[in-house]
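To keep things clear, I will list the structure first and then write my remarks on it.
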Amino acid sequence: MRIAVYPGSFDPITKGHIDILERSSKLFDVMVVAVVHNVNKQGLFTLEERVQMIRECTGHLPNLEIDYFSGLLVDYISRKGATAIVRGLRTVSDFEYELHMAMMNHQLLPEVDTVFIMSNSKYFFVSSSLVREAALLGADVSDMVPPNVAVRLKAKWEERRQERGPLR
Ligand code: ADP
48 MRIAVYPGSF DPITKGHIDI LERSSKLFDV MVVAVVHNVN KQGLFTLEER VQMIRECTGH
108 LPNLEIDYFS GLLVDYISRK GATAIVRGLR TVSDFEYELH MAMMNHQLLP EVDTVFIMSN
168 SKYFFVSSSL VREAALLGAD VSDMVPPNVA VRLKAKWEER RQERGPLR
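As structure tokens, this is what we get:
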């Protein structure tokens, strides 16, 4: 059985992530979407919210498992019995970072390889960080995220707006 892990922050999941999942899940028997629990980094959404949002918008992909982990990725990969790490590539700057990560992970666990999927041109510019930033300033990001995520981002914006008062 070919098991792959797609690790990431997914804070929140975007249509770019979903596109990578739709394409990569055809290449493996089981695709594990693994939300990284970084204790040093406070996200916009909690770990549980991120997992929940992924679950809500990926029901059409039957061979997906949604999970989270903390600690070393290669340890998690071994526990899962996976042989591949899936990552998406958008820009040259993504490439440099991803190349170093892939080499490091291969060094630590030689039986695992990183498989890169090129971003769909429609979502080339979409990143969770820009989506968060724009949505919290009131932008409509519904072209970039699935409807369930757009609703939650809007609620966060409302929450912040009430705390802060109107922008000037
Ligand atoms: P991380 O903090 O690990 O980069 P992200 O959730 O930002 O977590 O991204 C997880 C993976 O998805 C990374 O490989 C990233 O390059 C990829 N990715 C993010 N957005 C897109 C997109 N719009 N198109 C293709 N790949 C993407």
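If you read the sequence shown in my numbering, its first letter stands for residue 48, the second for the next number, and so on. Idealized CB from N, CA, C, for every residue including glycine.
Which of helix, strand or coil DSSP assigns to residue i
i      : result
Glu158 : coil
Phe142 : helix
Arg137 : coil
Gly63  : helix
Val86  : coil
Met191 : coil
Ala149 : helix
Ala81  : strand
Met165 : strand
Ala186 : coil
Delimiting residues of the beta strand (DSSP E) encompassing residue i
i      : result
Asp58  : Here Asp58 belongs to no beta strand (DSSP E), and DSSP marks it neither H nor E.
Leu111 : 111 to 116
Test item: CB-CB of residue i and residue j under 9 Å
i      : j      : result
Pro193 : Ile60  : yes
Met148 : Arg126 : no
Asn152 : Thr161 : yes
Gly63  : Val188 : no
Tyr170 : Asp58  : no
Terminal residues of the alpha helix (DSSP H) in which residue i lies
i      : result
Leu183 : 175 to 183
Tyr123 : 120 to 127
Met48  : That residue, Met48, is in no alpha helix (DSSP H); it is neither H nor E in DSSP.
Leu94  : 94 to 104
Is the region 74 to 85 close to the region 107 to 117, with three or more CB pairs under 8 Å?
yes
Validate contact between the region 197 to 205 and the region 63 to 74 using beta carbons, cut 8 Å, 3 pairs
no
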